[in-house]
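Heads up: the sequence shown runs through residues 1107 to 1218, numbered per my numbering.
Beta carbons: idealized from backbone N, C-alpha and C, even for Gly.
Only a predicted model underlies this, so the values are computations on that prediction, with no experimental measurement involved.
Have a look at the structure below, then the notes.
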Amino acid sequence: MVGLLILALASTVINEKYELTPCPELIQPEKPLELIWPGAPAGGLSNDGQVRHYFRIKFVVQKDGKTSDIRVLESNSRIFLRAARRTIANTTFNQPDKPCEKIVELVYERNF
């Protein structure tokens, strides 16, 4: 089982409460990211027994390091959508000085 995490900065967005800016590079998960895996995919496995699902997720890192406003920007599958959102929701980041916006790319990859 291999889980891959790539972090990237997001563009500035206006929120109803405050103006969000991209999170600084130092705003990273406090612990290694733990991918939440759902049960076996409803669509079954590919012919080669490999599962690979990609998600690009935008969210806000609050001052306490918790995440909110989680939105999936891009995905090659809906199968792991809920698990990808839960992974980000359960991750605590280093605490920023003010709320900021981050984009994360998650790749779920497994050979059976």
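- ILE1163 carries a strand assignment under DSSP once its states are collapsed to helix, strand and coil.
- By DSSP's assignment, GLN1156 forms a beta bridge with ASN1217.
- Counting only the Cα atoms, GLU1125 lies some 25 Å from PHE1161.
- In the DSSP assignment, THR1127 forms a beta bridge with CYS1206.
- For LEU1212 against ILE1163, the beta-carbon gap comes to about 7 Å, under 8 Å, which counts as contact.
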